[in-house]
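Peer 1: Next up is a structure, given as C-alpha coordinates.
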Amino acid sequence: DDEYKFSESGIYFSFPVNEDSPQRTYIENIEGLPVNAGPEIFKMHSNANITCALNETYFTFDTLVLLQPRSSSGGGKSREEIIGEDAADIEARLPQDFDIEAISMSYPVRYDESMNTVLCQES
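The working numbering applies: residue 197 is where the sequence shown begins, and numbers increase by one.
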(Lines of atoms letter the chains of each structure in order from A and count residues from 1; the text may use other names and numbers.)
(Lines give C-alpha, C1' and ligand atoms only; values in the text may rest on other atoms or scores of the structure.)
Protein backbone atom coordinates (compact mmCIF):
# COMPACT_ATOMS: atom_id res chain seq x y z
CA ASP A 1 0.00 0.00 0.00
CA ASP A 2 1.62 3.26 -1.12
CA GLU A 3 2.04 5.84 1.62
CA TYR A 4 1.12 3.43 4.43
CA LYS A 5 2.02 5.13 7.74
CA PHE A 6 4.37 3.11 9.96
CA SER A 7 4.19 5.73 12.72
CA GLU A 8 1.54 8.05 14.11
CA SER A 9 3.51 11.17 13.15
CA GLY A 10 3.68 10.06 9.53
CA ILE A 11 7.48 10.50 9.37
CA TYR A 12 7.92 6.83 8.55
CA PHE A 13 5.76 5.69 5.67
CA SER A 14 5.72 3.47 2.61
CA PHE A 15 6.42 5.67 -0.38
CA PRO A 16 5.60 5.18 -4.04
CA VAL A 17 8.63 4.34 -6.17
CA ASN A 18 9.26 6.15 -9.44
CA GLU A 19 9.78 3.29 -11.89
CA ASP A 20 11.96 5.49 -14.14
CA SER A 21 14.41 6.27 -11.32
CA PRO A 22 13.91 3.90 -8.37
CA GLN A 23 17.37 4.46 -6.90
CA ARG A 24 16.85 8.23 -6.79
CA THR A 25 13.45 7.71 -5.13
CA TYR A 26 15.00 5.59 -2.39
CA ILE A 27 17.86 8.03 -1.83
CA GLU A 28 15.53 11.03 -1.58
CA ASN A 29 13.27 9.27 0.90
CA ILE A 30 16.16 8.01 3.02
CA GLU A 31 17.68 11.50 3.09
CA GLY A 32 14.33 12.80 4.35
CA LEU A 33 14.37 10.55 7.41
CA PRO A 34 15.55 11.90 10.78
CA VAL A 35 19.22 11.32 11.59
CA ASN A 36 18.34 9.88 15.01
CA ALA A 37 15.33 7.59 15.01
CA GLY A 38 12.84 8.30 17.75
CA PRO A 39 11.08 5.66 19.82
CA GLU A 40 7.97 5.78 17.62
CA ILE A 41 9.70 3.79 14.86
CA PHE A 42 9.98 0.93 17.36
CA LYS A 43 6.29 1.33 18.33
CA MET A 44 7.27 2.83 21.67
CA HIS A 45 5.70 5.85 23.37
CA SER A 46 7.56 9.16 23.09
CA ASN A 47 8.20 9.02 26.85
CA ALA A 48 10.57 6.10 26.23
CA ASN A 49 13.47 8.55 25.82
CA ILE A 50 12.66 10.13 29.17
CA THR A 51 12.38 6.73 30.84
CA CYS A 52 15.72 5.67 29.38
CA ALA A 53 17.47 8.83 30.63
CA LEU A 54 15.92 8.44 34.11
CA ASN A 55 16.98 4.80 34.32
CA GLU A 56 20.56 5.71 33.38
CA THR A 57 20.57 8.41 36.08
CA TYR A 58 19.18 6.04 38.73
CA PHE A 59 21.75 3.41 37.77
CA THR A 60 24.59 5.93 38.08
CA PHE A 61 23.48 7.09 41.52
CA ASP A 62 22.86 3.52 42.70
CA THR A 63 26.43 2.76 41.71
CA LEU A 64 27.66 5.79 43.67
CA VAL A 65 25.76 4.59 46.74
CA LEU A 66 27.32 1.14 46.45
CA LEU A 67 30.79 2.68 46.27
CA GLN A 68 30.33 4.59 49.54
CA PRO A 69 31.69 3.12 52.77
CA ARG A 70 29.07 1.36 54.91
CA SER A 71 30.16 2.83 58.23
CA SER A 72 31.13 6.30 59.32
CA SER A 73 33.46 7.41 62.06
CA GLY A 74 30.91 9.55 63.86
CA GLY A 75 31.83 13.02 62.59
CA GLY A 76 32.06 14.21 59.05
CA LYS A 77 29.72 14.31 56.13
CA SER A 78 26.59 12.28 55.70
CA ARG A 79 26.19 9.83 52.86
CA GLU A 80 23.84 12.25 51.06
CA GLU A 81 26.37 15.08 51.31
CA ILE A 82 29.12 12.90 49.86
CA ILE A 83 26.89 11.75 46.99
CA GLY A 84 25.82 15.36 46.34
CA GLU A 85 29.46 16.47 46.20
CA ASP A 86 30.36 13.57 43.90
CA ALA A 87 27.45 14.46 41.59
CA ALA A 88 28.51 18.13 41.53
CA ASP A 89 32.11 17.08 40.81
CA ILE A 90 31.00 14.85 37.91
CA GLU A 91 28.83 17.63 36.50
CA ALA A 92 31.69 20.15 36.76
CA ARG A 93 33.99 17.84 34.79
CA LEU A 94 31.52 17.32 31.92
CA PRO A 95 32.56 19.01 28.67
CA GLN A 96 30.53 21.91 27.35
CA ASP A 97 27.64 21.00 25.06
CA PHE A 98 28.36 21.14 21.36
CA ASP A 99 26.65 23.83 19.34
CA ILE A 100 24.77 21.37 17.14
CA GLU A 101 23.22 24.12 15.02
CA ALA A 102 26.64 25.59 14.20
CA ILE A 103 28.03 22.14 13.40
CA SER A 104 25.05 21.40 11.14
CA MET A 105 25.56 24.69 9.30
CA SER A 106 29.31 24.13 8.86
CA TYR A 107 29.00 20.45 7.96
CA PRO A 108 25.59 19.82 6.34
CA VAL A 109 24.37 16.24 6.17
CA ARG A 110 24.48 15.30 2.52
CA TYR A 111 24.57 12.02 0.65
CA ASP A 112 28.01 12.73 -0.85
CA GLU A 113 29.55 13.73 2.52
CA SER A 114 29.11 10.71 4.82
CA MET A 115 31.63 12.02 7.37
CA ASN A 116 29.38 15.03 7.94
CA THR A 117 26.61 12.64 8.92
CA VAL A 118 28.88 10.92 11.42
CA LEU A 119 30.04 14.27 12.84
CA CYS A 120 26.46 15.48 13.35
CA GLN A 121 25.38 12.17 14.90
CA GLU A 122 28.30 12.07 17.31
CA SER A 123 28.03 15.69 18.45
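Even glycine gets a Cβ: it sits at the ideal position worked out from N, Cα and C. As the structure is a computational prediction, the values presented were derived from the model and not from experiment.
Would you check whether the ligand GTP has a heavy atom nearer than 6 Å to the C-beta of Q264?
Peer 2: The ligand GTP is absent from the structure shown, which contains no ligand whatsoever.
Peer 1: Quick one: complete alpha helix (DSSP H) runs, 4+ long, within the segment 246-313?
Peer 2: 275-289, 296-302
Peer 1: Assuming E236 and S205 are in contact, meaning their beta carbons sit under 8 Å apart, how far apart are those beta carbons, in whole angstroms?
Peer 2: 6 Å
Peer 1: Is the beta carbon of D285 closer than 7 Å to that of L260?
Peer 2: no
Peer 1: Report the start-end ranges of each beta strand (DSSP E) in the segment 197-230 that is 3 residues or longer and not cut off at the edges.
Peer 2: Every candidate beta strand (DSSP E) stretch fails here, since none sits fully inside the segment 197-230 while reaching 3 residues.
Peer 1: Grouping DSSP H, G and I as helix and E and B as strand, with all else coil, what is A244?
Peer 2: helix
Peer 1: Work out the CA separation of P291 and K273 for me, nearest whole Å.
Peer 2: 28 Å
Peer 1: Please name the residue in F202, T253, V213, S217 whose C-alpha comes closest to that of G234.
Peer 2: Ranked by Cα distance from G234, the options F202, T253, V213, S217 are led by F202.
Peer 1: Do S300 and C316 have their C-beta atoms within less than 7 Å of each other?
Peer 2: yes
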